[in-house]
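Worksheet: the structure to be examined is printed underneath.
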Amino acid sequence: MIIDLAGNLFYQFADNMAFLLLSALGLIIILGVLDIINLAHGELIMIGAYVTSMSYYAGVPLWLCFLLSIATAGLFGLFLERFVVRRFSQNRIGAMVATWGISLIVTQGTLIVLGPWMRPIPLPSWQFSIGIYSYSGYRLLLFVIALFLVFGLWLYFYKIRAGIFTRATMQDGEMAEAIGINTVHIGTLAFAIGAGLAGLTGSLYAPTMSLVPLMGTTFIAMAFIVVVVGGGENPIVGALASSAILAAIATPLTALFGTFVGRVGILIAALLIIRVMPKGISGFIRDFRSRHSHATQRLQL
Amino acid sequence: MSFFLLLLKHRGKWDVSKTMWLVFVLILTAILIYPAFASCFILSNIVFFFLFVPITLGLCLLWGYCGILSFGQVAFFGIAGYVYAIVTINFGNASLVTVLGLLSGLVATGLVAALFGYFFFYSQVSNWIVPILTLALTLILELFLGQTAGYEWRVGRALLGGFNGINDIVSLKLGSIEFSSGTKSLYYLVVFGSILLFLLIRMLGNSRWGDIIIAIREDIERTRMLGHNVNLIQVVVFVISALLAGLSGMMYVWWGNFIDPSSMGLISAVMPVLYTVVGGKESLLAVMISTITLGYIGDFLAVYGGQYAFLVNGVILLTVMMFYPRGILLTIGEQFTRFFARRTPTTRIHRISAPLETQPGIPAPSDVSAREDIPVSGAAIKEVRPVMLEVINVSKTFGGIKAVMDLSLAVQEGELRCLIGPNGAGKSTLFNLITGRYSSDAGSIVFQGNEISHLPPYQRVRRGISMKFQTTRIYETLTLAQNLDIAYRHNGSSGEENLDDRYWALSMFGIEASVDELAGSLMHAQKQWLEICLALATRPRLLLLDEPSVGMTPEETWQTAELVKKLTKSGLTILVVEHDMEFIRHVADLVTVLHQGRVFAEGSLSWIEANEEVRKIYLGEQ
C-alpha cells in the first residue's frame, strides 16, 4: 500500500517534471545563449503539435511526424532569429515585445487559416497498473524522453565542437569572436535548436491535449517560471534542477488540492527562490564557484 | 500657480508650448459639451476607449520612466474587478457599499503588487524576470478563474462563474448619482478621471521624484550610491502602476457590469503594452492618445473585421518595435518639433532658472581660492584626529577564494589615504564592503563610532560615506544640474539651500559653465570630475575614490590630485584607490599596501617606496 502510494507519487512527479522540463528546455537555451526571452515560444510548441497532427493524418508514421515538427519549428525559429530577433541584440526587452507580436500573429493567423481546432491524435494506450493505481505508459515515456534530451544537450554542449563554441560565446562573446568564432551564427543555431525543442514538446504532448491555436498558453506560464528559477547561466543544470525542484513542490500540492494550487505553489516557490538566488539556480552555482575573478563580476546594471 | 505649471511641463519639448495648452483647454471644453449632442451608445463607446487610459499610463510610468516592463498589468485589472464584484454582490448595492468595493479593489491590488514588487526589487532580479513572472501570474489567474464554474466556487454570495465570469455587477454610486453604463455621469467620471490621472502622473514624472525614478532606470547602482532606497522606490512605482491598472479594471466593471477571466488572458495582456509601444513609452501624452486611438481602431476592426483584430494588433506591435522603437506618436511629435523649431527659434526651458553667475554665494568660475570653507560636512582639521572609519578583522570569501582576509584598517578624520596593491589584492572588494555593496562574512565596520556593517548601501550614504566608481557612472542623458539634483537630500535641508553647495563643487572642477548641458557631452576627464561632484552632493564625511585619474592625461591627473588635496584641506576624509604613482606622490600623506586580501604595509610614501618587500609583491617575486 505504501509502496503503491510512493509509486503513484513518483509517477505524478515524473509527469510534472517532464511537463516542466519539456516546456522550458527550448526557452532556457535561447535565454542562455542569446539572453533573450522568446515570447513566441508557446506558438512554436503549437506549430509542433499542429505539424504532428497534420502529417499524422496524411499517413506519415508517428516518429517521422515528430521529426517533421522539429524541423518545421526549428526552421521557423531560424527565420525568426534572422529577421526579427537579431535586430534587438542591443535591446533585449524590445526582443520580448517583438516576439510577443509574432506570437499574436501566429496564433491569430492559425485561427484564421486553419480554424479553431485541429484533429487530435489518439493517445497510445499503453496502460499498465501497479497495485491499485493504473498508469499511462506514454507519460512515463515522456519523462524518459525529457531526460534523454537533457543528456543529448549535455553531449552537444560539452562534447561537440559547435556546442563548445556556444559555451565560449555564452561566457565571453567578445573573446569568442576574437578567437574566430562566428558568434552570430552560434546565436542563430541556438535559437533554431531552442525552437526545434519547442516543436518537439508540442508534438510529444499533441496526443494528450486538445489542439487549439492558443494551446501554447498552457505551456508558457510554467516554462517562464522554470526559466526564472533555473536561470540562463547554465541552461542544462538550470532546467534540470529547476524542473525537479518545482515538480517536487507541485506534486503533493496538486495531489492534495488540485492543479490550480499546484501552479500557485510553483509561482510562490519561484518568488521565494529568486529572493535567495536572483540569477536562478545556475547563476547561484556559477557565482558561488567563480566570483573571485574580476572579469566575471558583472554587477547588476 | 507657477509651481503647478512647472510641474505640468513635460520633459520632452514638443508639448510644453502655449499652443499645446490652448489645444488642451479646447479639448476639455469639447469633452464637456459633447454629451449634449451624442447618443448613449456613443457615450458608452467613448467611455470604453478612455477606461484603458489609467492602466496604460501606469505601464508608461513603470516602463518608460522607471525602466521596468510588466506584461501582467491586466492581472491587477482583473483582481480589482473581481474584488469589487465580490464585495458589492455580498453587501448589496447601496452607495456606501460600492465605495467600499472600490476601496477593497484598490487595497487587494496594492497588496498583491506590493508582495510581488518586494520579491522582484528587493532581490534585485534581472530586468527580464519582471515581465515574464507578471505574465505567468496573469495566465495562472486566468486558468484558475476559468475553471471556477459551478456552485462550489463562490465567495459568500458571489459565484465566480468560470469562463462566463460574474454578471450583473452594480456600478459605482455616489449618493444619488449612479455611474452606470451609457450615462453622462459615467462618461464624465471616466473621461475626466483619466485626464486628471494623466495630469497627476505627469506632475509626479516632472517632479524631483520623477528625476530619481529616471535615474534608477539610467543607472541603478549609481542612484543607490547617491543615497536612495532604490528597492523601495521601485516597489512604490510598481504599486502605483498596479493601482492604476486596478482603477481601469473597476471602470471596466462599471461600464459593462461584468468581469470574466479573458480580461486577464494573453490577448488582453498585450493591449496595454501595445498602446504604450505605439505611443512611445517616454511620453505620457503620446501613450494616452494612442490608447484612445487604438481603442477606437480596435473597436472598428472588431465590428467589421472580426477575427482580424488581433492579427492586426500583432502586426502593429511587431512593426513598431522593429521600425519605430521609440513609438510612432513620439517619433511623429519629434519630427513636428524639429519642423517648427527651424522656423521659430524657441527659448530653452531649464529646470534651474537663474544663470549661475547671479546665484549668491557662488564664486566666479576659476576662482577656486575664493572659497576655502568647502561645504562638505566635516569640521576643520583638529590637532587630535578621532578615528572616522575603522575596519576590524573583516573577511570576504567568494566561493573558495578569500578576497579580503581578516583585514583591519583605521582611517582618521581629515586624512587622505591611498590604497595601493597589485591586481586582486582586495582593494575594490574593500571599497564594496565599506559602501555595503557586498556584505562581509566576518568582522565589523565602524563609522564615526557606529557599527554599520549590517546597513544597506543607501543608509551608509546617508550617514556620510560616498563613492566615485572606477568606470565613470553619471547620467549622460541628463544635464549637469539634473545630475546633481538627484543626490539624496538630508532631512530638513530644502533644495534651494543645497543648490549653492552643489554648484560650488562644479565650479571647483571648472565645469560650472556646462551646468545646463547634457552630462554626456562632457570630455572624459570632466565626466570623472562630475562624478566626484555627484559623490560630494550627498554631503559625505568620507569620500571613496576608485581610480579617480584613470584614463586622464598627465595634466588632468595633476589637476585632479590638486583638487583632491583641496577637498582634504576642507576637512573631508578621503580614501583613494589608485595605480598612478604620480598621483599618489602628489597627494598622499599615508599609503596602505594591500596584498592577498590583507594589509601588507602602511606608512608614508617614501617609506613604502623604499620598502624591499613592497617592491617584491609589485614585481611578482613572491
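Protein sequences, first through last, are from chains A and B. Residue 0 is where the first sequence starts when you use numbering that gives the first Met the number 0, and the numbers rise one by one after that. Residue 0 is where the second sequence starts when you use numbering that gives the first Met the number 0, and the numbers rise one by one after that. A virtual CB, placed ideally from N, CA and C, is assigned to each residue, including glycine.
Cβ shell of residue i (< 7 Å), same chain only, five flanking positions each side left out
i, result
"residue 169/B", "87, 92, 97"
"residue 176/A", "182"
"residue 186/B", "34, 42, 45, 46"
"residue 213/A", "106"
"residue 81/A", "187"
"residue 94/B", "172, 173, 174"
"residue 222/A", "22, 23, 26, 40"
"residue 320/B", "276"
"residue 578/B", "546"
Strand pairing of residue i, partner residues [DSSP]
i, result
"residue 465/B", "542/B"
"residue 170/A", "According to DSSP, which records beta bridges pairwise, residue 170/A is partnered with nothing at all."
"residue 401/B", "396/B"
"residue 415/B", "573/B"
"residue 591/B", "418/B, 601/B"
"residue 387/B", "Per DSSP, none; premise fails for residue 387/B."
"residue 214/A", "Paired residues: none, contrary to the question."
"residue 165/B", "258/B"
Near the ligand COA: residue i beta-carbon under 7 Å from a heavy atom
i, result
"residue 231/B", "The ligand COA is absent from the structure shown, which contains no ligands of any kind."
Residue range of the alpha helix (DSSP H) that includes residue i
i, result
"residue 295/B", "283-303"
"residue 21/B", "17-32"
"residue 268/B", "265-278"
DSSP-derived helix/strand/coil call for residue i
i, result
"residue 518/B", "helix"
"residue 92/B", "coil"
"residue 65/A", "helix"
"residue 550/B", "coil"
"residue 89/A", "coil"
"residue 478/B", "strand"
"residue 536/B", "helix"
"residue 153/B", "strand"
"residue 158/B", "strand"
"residue 39/A", "coil"
"residue 409/B", "strand"
"residue 232/A", "coil"
"residue 441/B", "strand"
"residue 49/B", "helix"
"residue 176/B", "strand"
"residue 205/B", "helix"
"residue 449/B", "strand"
"residue 16/A", "helix"
"residue 258/B", "strand"
"residue 117/A", "strand"
"residue 67/B", "coil"
"residue 307/B", "helix"
"residue 472/B", "coil"
"residue 489/B", "coil"
Residue i burial status per 10 Å Cβ neighbour count (16 or more: buried)
i, result
"residue 32/B", "exposed"
"residue 1/A", "exposed"
"residue 233/A", "buried"
"residue 553/B", "exposed"
"residue 343/B", "Low per-residue confidence applies at residue 343/B: pLDDT is 47, beneath 50, and the placement is therefore not dependable enough to give any value."
"residue 614/B", "exposed"
"residue 306/A", "Past the edges of chain A, shown from 0 to 300, lies residue 306/A, and the structure says nothing about it."
"residue 4/A", "exposed"
Beta-carbon contacts of residue i that lie in its chain and below 6 Å, excluding the five residues immediately before and after
i, result
"residue 531/B", "467"
"residue 83/A", "97"
"residue 83/B", "100, 104, 249, 252"
"residue 21/A", "145, 200"
"residue 69/A", "195, 198, 199"
"residue 129/A", "6"
"residue 137/B", "71, 73, 74, 263, 268"
Span of the beta strand (DSSP E) around residue i
i, result
"residue 129/A", "126-129"
"residue 134/A", "132-135"
8 Å Cβ shell around residue i - same chain, five flanking residues per side excluded
i, result
"residue 34/A", "91, 231"
"residue 420/B", "426, 592, 593, 594, 599, 616"
"residue 8/A", "250, 251, 254"
"residue 190/B", "30, 45, 46, 49"
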